[in-house]
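Please read the structure below before turning to the comments.
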Amino acid sequence: MTSFTKLIIWSLMHLIFVTISHLQPIDALANVSSAANYNTMCDKMPKRKQKACKMVLEMWHESRKAEREGRLLTKEELPPPSHGLGLPTYRAATRQELDAQPPPKVVDERYACMNMTCLCPHLGGVSLAPDQCSRRAGASAASRLRADRDSGKALRMEYRMLSDNQRARFHAALKQLKRGFGSYEYDRLSALHSDPKMMPSAHAGPTFLPWHREYLKRMEIALRAIDPSVAIPYWDSSLDGRLPNPLDSIMWSNLFMGSTDDYGQIADGDFAGWRTSSGNLIQRTPGADGQLMTEADIVSMITERRPEHIFGFLQRPLNSGCSLPNPGPLNMLEIIHTDVHIWIGGDMLALNTASQDPVFFLHHSFIDYIWEQWRLKWQNRQQRATQFPQDSQIVPCSGSANYRLSATMRPFLDPVVLNKDGLSNAYTDNLYAYAPRPSCRAAGGCGSPYLFCDTIRERPLCCAKIKPGGDCSTFIKNSEQPCFASKCIKGVCQKSMNTATNLSTTRGSSLATSTPSPTPSPPRERFCFDNHECCAQWTAKNACRTAPRYMNTWCPGSCRFDGCRLHPELPPQQQQQHPTASTNCKDRHSQCERWAHFHETRAGAVHGKRWHVYAPGNRRVPKTNTARLGECERNAHWMLQNCAKACGHCKVAIGTSPKCRCGE
467 MTSFTKLIIW SLMHLIFVTI SHLQPIDALA NVSSAANYNT MCDKMPKRKQ KACKMVLEMW
527 HESRKAEREG RLLTKEELPP PSHGLGLPTY RAATRQELDA QPPPKVVDER YACMNMTCLC
587 PHLGGVSLAP DQCSRRAGAS AASRLRADRD SGKALRMEYR MLSDNQRARF HAALKQLKRG
647 FGSYEYDRLS ALHSDPKMMP SAHAGPTFLP WHREYLKRME IALRAIDPSV AIPYWDSSLD
707 GRLPNPLDSI MWSNLFMGST DDYGQIADGD FAGWRTSSGN LIQRTPGADG QLMTEADIVS
767 MITERRPEHI FGFLQRPLNS GCSLPNPGPL NMLEIIHTDV HIWIGGDMLA LNTASQDPVF
827 FLHHSFIDYI WEQWRLKWQN RQQRATQFPQ DSQIVPCSGS ANYRLSATMR PFLDPVVLNK
887 DGLSNAYTDN LYAYAPRPSC RAAGGCGSPY LFCDTIRERP LCCAKIKPGG DCSTFIKNSE
947 QPCFASKCIK GVCQKSMNTA TNLSTTRGSS LATSTPSPTP SPPRERFCFD NHECCAQWTA
1007 KNACRTAPRY MNTWCPGSCR FDGCRLHPEL PPQQQQQHPT ASTNCKDRHS QCERWAHFHE
1067 TRAGAVHGKR WHVYAPGNRR VPKTNTARLG ECERNAHWML QNCAKACGHC KVAIGTSPKC
1127 RCGE
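Residues in the sequence shown are numbered from 467 upward in steps of one, following the working numbering.
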């Protein structure tokens, strides 16, 4: 089977999967839960929880099918990291910045860092202490901008607790990661959560939480490479769920995640116009189904001591010898988390598009927060790193060895991460910490202009403020104003002349004036490199249209994805002709010659230990299990496409390499 044929089959399978995810009714999924050889708990749940349960079960089903058919992806089938990550993303890089740029494949290995000593150089700084990173003396202006103050562990706060400046910087980093100069890293990272063949242990089993902890860490590292002050905030959806109508929350305004229009698209704010990797505008249908978290959900998860609620098995083989207790389905954190996906709706309903919506990462940051609170309450330090269902029970209780602690945490393969690494204390010891949830005892106690204290209840609780025009009927007698930039009058948040003026200085583009982003927004048109030597042939075969999600990840320049055009270092006539290396051999990147002769000394797969990424000569590396790897060999697809001359591939026509036979 040719590479092009595989590409088309891959695309059709995903089209079918996303159609099922969006359109198939709950009853149509019953065949999954009624399989003769398995016992699922979905049918034992109340109806309001069954949809969430069966969504998770569908992911389990797809992953097990991929295992049976031997279709789990290898690291060679995963897209390479964006070469521009860490460079300024709103302008062309300077010669000095380019000369210091690591090869594209090496960029991926910053994600293996488990302490600030390893991570600090990637943030444009120097490590002064194990938990502290400071800008280099004599660093370039761009480096000083990226590390404009000492940066240690990231502090993850509730989204509404961020200052206006902190929120603006977080949004700016997300936008630059998505559409910056030479960067498509947001889409690449999102793609890692798009396919059951990539992530067989991510859902419906005991590794759900460790897998997503590692995944969040990688997105946060990518954001901090742009702005070291940034952390992924968490979204405590119970603050919105307490409102008469959660859709009226300030969360769904242009200041935060944006409101939706009549078509379910993001209508305003920093994420309006964002597209999935298939090229479609992000969709939401908030409030149509599902439910947000409640205070009772959160308390029950943290106070439930039994670990099977945290490391649960949703689908168990019958008569397999599984001796682990069945968790109460209503207290399974994965099911509660899925209910929020359903409430947001749209792309958050489908596995292959959920992480394209930035709210995904804020929601999962809160799930990780809940898990961390549970760990601190019920486990000592040693138990946090080791307590997990025994390997001998994994297959009998789940039907898959991919949930074992000793199994590889796919798709994190370079370097290899194991499931057991996701239990490590190093995440919160070294990389990030959580700020407490907002709380109050009286009016004004929540500490944010976007929250108010609900004093009507017996126990005061913080709530999200309500947008103008929203329903505030529950809080008419509340001792603190529940409305943002408006007043609760006759049960509706109404703007007066004074409040309207205040709102105009806070909302929309004026916010960027009062709290400027550290870098300007990227232009609509951007330059992109292709990531595979077959892009020209695939484009000629119309694959940009027939397999858009695959092509937009591997060949964004050729497909002109989301404003891309091929990099300006290519002459215009070459951008149009997509020449092969044999007919017009050249290097498309100014650093090709250096990268081709760049040999990286690296250790074998390690995680949570000292990991030295790359160095021309001033780094110490472990003496065992090392290899000298050239970028032309390590990253052949990208280098053959963009650095054919430097890699000595001038006699090999692009698309005819033994590693890639396009359409033959």
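Every residue, glycine too, gets a C-beta built ideally from N, C-alpha and C.
Cβ neighbours of ALA754 within its own chain (closer than 6 Å, five residues either side excluded): GLY811. Under the criterion of beta carbons closer than 8 Å, SER660 and ASN818 qualify as touching, at roughly 4 Å. Assignment of MET875 by DSSP, reduced to helix, strand and coil, places it in the strand class.
ILE716 is not a Cβ neighbour of ASP823, given a cutoff of 8 Å. The stretch 1011 to 1023 and the stretch 992 to 999 touch, with no fewer than 3 CB-CB distances between them shorter than 8 Å. Residue range 953 to 955 is occupied by the beta strand (DSSP E) that includes ILE955.
The straight-line gap separating the alpha-carbon atoms of ASP736 and ASP693 is approximately 17 Å. The stretch 853 to 868 makes no contact with the stretch 692 to 712, as fewer than three CB pairs between them are under 8 Å. Per DSSP, TYR681 is not a residue of any beta strand (DSSP E); the alpha helix (DSSP H) it occupies stretches across 674 to 692.
In this structure, the alpha-carbon of CYS1030 lies about 46 Å from that of CYS919. In the DSSP secondary-structure assignment, ALA899 is bridged to LEU621. With 16 or more neighbouring CB atoms inside 10 Å of its own CB, VAL806 falls in the buried class.
With contacts defined by Cβ atoms closer than 8 Å, GLY591 and CYS599 form a contacting pair. Considered as a whole, the stretch 737 to 813 harbours 781 to 783 as its complete beta strand (DSSP E) runs of no fewer than 3 residues, in chain order. DSSP places LEU884 inside the beta strand (DSSP E), whose first and last residues are 882 to 884.
In this structure, LEU917 is the residue among MET1017, LEU917, ARG782 and TRP677 with its C-alpha nearest to the C-alpha of TRP701.
ALA930 sits in a strand when the DSSP states are folded into three classes. A distance below 7 Å between beta-carbons, with the five flanking residues on each side excluded, links PRO877 to the following residues of its chain, in chain order: LEU539, LEU544, LEU658, MET664 and MET665. In the three-state scheme derived from DSSP, where H, G and I count as helix and E and B as strand, ASP1053 is classed as strand. The continuous alpha helix (DSSP H) containing GLN849 extends over residues 847 to 852. Within the same chain, and ignoring the five residues on either side of SER831 in sequence, the residues whose Cβ sits closer than 8 Å to its Cβ are ARG622, LEU682, ILE698, PRO699, TYR700 and TRP701.
In the structure shown, THR1012 adopts helical secondary structure according to DSSP, grouped into three states. Inter-segment contact for the stretch 891 to 908 and the stretch 923 to 931 is present: three or more beta-carbon pairs are separated by less than 8 Å. About 7 Å separates the beta carbons of HIS678 and ILE833, which is inside the 8 Å limit, making them a contact pair. Membership of CYS959 in the beta strand (DSSP E) is indicated by the continuous run 958 to 960. Here DSSP, grouped into helix, strand and coil, assigns ARG708 to coil. Cβ neighbours of MET759 within its own chain (closer than 7 Å, five residues either side excluded): SER703, SER704, GLY707, ILE802 and VAL806.
LEU917 is bridged by DSSP to ALA930. Here the C-alpha atom of ILE776 lies approximately 55 Å from the C-alpha atom of CYS1116.
Around the CB of ALA762, fewer than 16 other CB atoms lie within 10 Å, so the residue is classed as exposed.
Here ARG771 has TRP844 as same chain residues with Cβ atoms under 6 Å from its own Cβ, once five neighbours each way along the sequence are excluded. Setting aside the 5 residues that flank it on each side, GLN731 is surrounded in the same chain by LEU747, each with a C-beta closer than 6 Å to its C-beta; the list follows chain order. For the pair ARG741 and ASP1028, the Cα-to-Cα distance works out to about 7 Å.
ASP937 sits in a strand when the DSSP states are folded into three classes. The three-state secondary structure of LEU640, taken from DSSP, is helix. Counting of Cβ neighbours within 10 angstroms places ASN1008 among the exposed residues, the total staying below 16.
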